[in-house]
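Participant:
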Amino acid sequence: SGDAFPIGITTLSYQASDGFQNSVCTFKITVIEYFPTGGSALSCRSQINLAVNADCEAPVGAGLFLLGNNYHCFDDYTVQFQNQFGFQIGPNLSSHIGQTIYAKVTDPATGNTCTTAVNLADNLAPAVTCLDTIVLPCSIPLQELDPDHLGWPQVEENCSGYTLQYSDQYVALACDDTLFNGEYSAYLRRIWLATDQHGNTSQPCRQLVLLRRFTLADLSFPPHYTDLPGQQPSLNCAAADTSPAFTGAPAIDGQPLYPFAAACEFTVQYTDQQIPFCGGGYTILRTWIVIDDCQNLFASYVQTIKVTDKTPPTISCPGSLSVGTNWANCTAVLQLPAATYSDNCSAVTSSIHSTAGTVNGNLLTNVPIGV
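Numbering (the working numbering), first residue to last: 2 to 372.
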């Protein structure tokens, strides 16, 4: 099989067959361990450079450090890593990368030792695994293409921390694009690189984001605000936000196309006609025009937005008054102070009512004694 024979006796068997009967013969191989001549002293290299593996460890044998070949089998010796103070370290050596540590080789049979200075390095770069290709609607806001929305790649690093950076190439595709057969409006190619604390940089990892192209048939239009069944409530004139940001705009896949149609090759515009009605209310007839710049087609839609007064006026009455009566008929006459009132939508008309006496404008006459 090509494997080395271990120390000791190994029995081998050969078999021959003619299709009807088998013949077998056996023989033995004896491997005798080498015993060094001239004593059991150990001699180590003075210094070597050593790089850690994918686990940030250095699982090496004594043969890397011993000089010459007059030794027992290398597996008979033990290797321990130590810091400059002689304390054992490892197996993970991440905190010692870039430092000089020491490899102590020991012969357990005799207790003899020798030591090699080891310049420890990490030469393995991080490995970056990108996300799969992502397909999104062309209407998605460009700020939502950042990694916080789309996701970050997986990074494997053997020893230390790392920094992750990316660069973007955004390519708008023509209406008659042949690269993707006109299926997409644009694509984003994102290239990721990871660099560990020891300056090792990963291979570039490329991520592709495709922005799907749509037609006018894929449009959805904003709702009406009229209080009618199946429609949205009318707006309160006290704080009516009639902007498309609140009342909606034509959209694709839930993403509005106004004020920016993103990569969708649509032109979106609107005009408003405002019709007032009583009480300070009004109705907005908003006409939307959406043009498909690739097919030279357009769609129109009229959105109705009704704004009404849903809050009654506020009024602040004057304080209580005490007045004397007329000597002739024991009734009082007084000029009523004005109340303070306001409304958030329109002008306010007011009138005065009294449970006693006669009201004439702001004048109250024939007021009897009492409250």
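From the three backbone atoms N, C-alpha and C, an ideal C-beta is built for every residue, glycine too.
By alpha-carbon positions, which one of Ile253, Thr272 and Pro37 ends up nearest to Ala263?
Facilitator: Looking up residue 263 in the sequence shown gives position 262. Each of Ile253, Thr272 and Pro37 was checked against the Cα of Ala263, and the nearest Cα belongs to Ile253.
Participant: If distances are taken between C-alpha atoms only, which option among Ile10, Cys295 and Ile290 comes closest to Phe222?
Facilitator: As a position in the sequence shown, residue 222 is number 221, starting the count at 1. Answer by Cα proximity: Ile290.
Participant: Would DSSP call Cys45 helix, strand or coil?
Facilitator: In the sequence shown, the residue the question calls residue 45 occupies position 44. When secondary structure is reduced to three states using DSSP, Cys45 falls in the strand class.
Participant: Measure the beta-carbon distance from Thr130 to Gln155 and round it to whole angstroms, keeping in mind my assumption that it falls under 8 angstroms.
Facilitator: Here residue 130 is taken as the residue at index 129 of the sequence shown, counted from 1. Here residue 155 is taken as the residue at index 154 of the sequence shown, counted from 1. Their Cβ separation, rounded to whole angstroms, is 4 angstroms, which keeps Thr130 and Gln155 in contact under 8 angstroms.
Participant: DSSP beta-bridge partners for Gly9?
Facilitator: Here the question's residue 9 lines up with position 8 in the sequence shown. In DSSP, Gly9 forms a bridge with Val32.
Participant: How many Å lie between Tyr72 and Cys45 at the Cα?
Facilitator: In the sequence shown, residue 72 corresponds to position 71, counting from 1. In the sequence shown, residue 45 corresponds to position 44, counting from 1. Roughly 12 angstroms between the two C-alpha positions.
Participant: Taking its Cβ as the centre, do 16 or more other Cβ atoms sit within 10 Å of Thr248, making it buried, or is it exposed?
Facilitator: To locate residue 248, count along the sequence shown from 1; it is residue 247. Under this definition Thr248 is a buried residue.
Participant: Residue ranges of each beta strand (DSSP E) run of no fewer than 3 residues wholly in the segment 233-300, ordered along the chain?
Facilitator: 267-277 and 283-293
Participant: Please go through the same chain and pick out, in chain order, the residues whose beta-carbon is closer than 8 angstroms to the beta-carbon of Asn327, but skip the five residues on each side of it.
Facilitator: The residue given as residue 327 occupies position 326 in the sequence shown. Correct list, in chain order: Ala333 and Val334.
Participant: When the Cα atoms are used, what is the spatial distance from Leu220 to His150?
Facilitator: Taking the first residue of the sequence shown as position 1, residue 220 is located at position 219. Taking the first residue of the sequence shown as position 1, residue 150 is located at position 149. Each residue's Cα considered, the two are about 24 angstroms apart.
Participant: Could you have a look at Tyr187 and say whether DSSP puts it in helix, strand or coil?
Facilitator: Numbered from 1 along the sequence shown, position 186 holds the residue referred to as residue 187. In the sequence under discussion, the amino acid at residue 187 is Ala, which differs from the Tyr named in the question. Three-state DSSP puts Ala187 in a strand.
Participant: Provide the residue(s) that pair with Glu145 in DSSP beta bridges, ordered along the chain.
Facilitator: Counting from 1 along the sequence shown, the entry for residue 145 is found at position 144. Bridge partners of Glu145: none, in fact.
Participant: Would DSSP call Leu209 helix, strand or coil?
Facilitator: Translated into positions along the sequence shown, residue 209 becomes position 208. Of the three classes helix, strand and coil, the one that applies to Leu209 here is strand, per DSSP.
Participant: Measuring straight from C-alpha to C-alpha, what distance separates Ala128 and Ala55?
Facilitator: Along the sequence shown, one-based indexing puts residue 128 at 127. Along the sequence shown, one-based indexing puts residue 55 at 54. The alpha-carbon atoms of Ala128 and Ala55 are separated by roughly 11 angstroms.
Participant: Spatial neighbours of Cys115 within its chain, please: C-beta separation below 7 angstroms, excluding the five flanking residues on both sides.
Facilitator: Taking the first residue of the sequence shown as 1, we reach residue 115 at position 114. The answer, listed in chain order, is Leu43, Ser44, Cys45 and Val106.
Participant: DSSP has Asp169 in a bridge; who is on the other side?
Facilitator: Along the sequence shown, one-based indexing puts residue 169 at 168. Answer is Arg191.
Participant: What residue range does the beta strand (DSSP E) around Pro138 cover?
Facilitator: Position 137 of the sequence shown, counted from the first residue, corresponds to residue 138. Ile135 to Pro138 is the span of the beta strand (DSSP E), which, as asked, contains Pro138.
Participant: Could you check the C-alpha separation between Thr179 and Tyr167 for me, to the nearest Å?
Facilitator: If you number the sequence shown from 1, residue 179 lands on position 178. If you number the sequence shown from 1, residue 167 lands on position 166. Whole-angstrom Cα-Cα distance: 28 angstroms.
Participant: Determine whether the Cβ of Phe215 lies closer than 9 angstroms to any Cβ atom of chain C.
Facilitator: Although the question refers to chain C, the structure presented lacks it and comprises just one protein chain.
Participant: Looking at the secondary structure, which residues open and close the beta strand (DSSP E) in which Thr107 lies?
Facilitator: Stepping through the sequence shown from its first residue, residue 107 is reached at position 106. First-last of the beta strand (DSSP E) with Thr107: Thr101 to Thr107.
Participant: With respect to the beta strand (DSSP E) encompassing Val360, which residues constitute its N-terminal and C-terminal limits?
Facilitator: As a first step, residue 360 is located in the sequence shown; it is residue number 359 there, counting from the start. It spans Thr359 to Asn361 - the beta strand (DSSP E) in which Val360 sits, taken as one unbroken run.
Participant: Mind reading off the beta-carbon distance from Gln48 to Asn120? Whole number of angstroms is fine, and I expect it under 8 angstroms.
Facilitator: On the sequence shown, position 47 is the one that residue 48 refers to. On the sequence shown, position 119 is the one that residue 120 refers to. Rounded, the Cβ-Cβ distance is 7 angstroms, consistent with contact.
Participant: Determine contact between the segment 303-317 and the segment 275-284, defined as no fewer than three beta-carbon pairs at a distance below 8 angstroms.
Facilitator: yes
Participant: Inspect the CB distances between the segment 180-189 and the segment 224-243 and report whether three or more fall short of 8 angstroms.
Facilitator: The segment 180-189, when compared against the segment 224-243, does not touch it at the 8 angstroms Cβ threshold.
Participant: Using 10 angstroms around the beta-carbon of Gln208, count the other beta-carbons present and answer buried if the total reaches 16, otherwise exposed.
Facilitator: Locating residue 208 in the sequence shown gives position 207, where the first residue counts as 1. So Gln208 counts as buried.
Participant: Check for me: the beta strand (DSSP E) holding Glu157 runs from which residue to which?
Facilitator: As a first step, residue 157 must be located in the sequence shown, where it is residue number 156. From DSSP, the beta strand (DSSP E) with Glu157 extends over Gln155 to Glu157.
Participant: Would you identify the three-state DSSP class for Leu151, choosing helix, strand or coil?
Facilitator: In the sequence shown, residue 151 corresponds to position 150, counting from 1. Helix, per DSSP.
Participant: Can the beta-carbon of Ser244 be found less than 9 angstroms from the beta-carbon of His199?
Facilitator: On the sequence shown, residue 244 is found 243 positions in, with the first residue counted as 1. On the sequence shown, residue 199 is found 198 positions in, with the first residue counted as 1. For Ser244 and His199, no; Cβs fall outside 9 angstroms.
Participant: Cβ atoms of Phe75 and Gly64: under 9 angstroms apart, would you say?
Facilitator: The residue given as residue 64 occupies position 63 in the sequence shown. The residue given as residue 75 occupies position 74 in the sequence shown. A contact, by the Cβ cut-off of 9 angstroms.
Participant: DSSP state of Asp219, grouped into three classes?
Facilitator: Taking the first residue of the sequence shown as position 1, residue 219 is located at position 218. In the structure shown, Asp219 sits in a helix (DSSP, three-state: H, G or I).
Participant: Judging by CA-CA distance, which residue of Ala110, Gln89, Leu125 and Thr11 is the nearest neighbour of Ala52?
Facilitator: Walking along the sequence shown from the start, residue 52 turns up at place 51. Measuring from the Cα of Ala52, the nearest candidate turns out to be Leu125.
Participant: When burial is assigned at 16 or more other CB atoms within 10 Å of the CB, is Cys26 buried or exposed?
Facilitator: Within the sequence shown, residue 26 is the residue found at index 25, counting from 1. Result: exposed.
Participant: Check the C-beta distance from Asp147 over to Cys238 and give it rounded, since I have them as a contact under 8 angstroms.
Facilitator: Numbered from its first residue, the sequence shown carries residue 147 at position 146. Numbered from its first residue, the sequence shown carries residue 238 at position 237. So it is not a contact: roughly 39 angstroms between Cβ atoms.
Participant: Should Cys176 and Asp294 be called a contact, given that it needs their Cβ atoms to be closer than 9 angstroms?
Facilitator: Residue numbering aside, residue 176 sits at position 175 when the sequence shown is read from its first letter. Residue numbering aside, residue 294 sits at position 293 when the sequence shown is read from its first letter. Yes.
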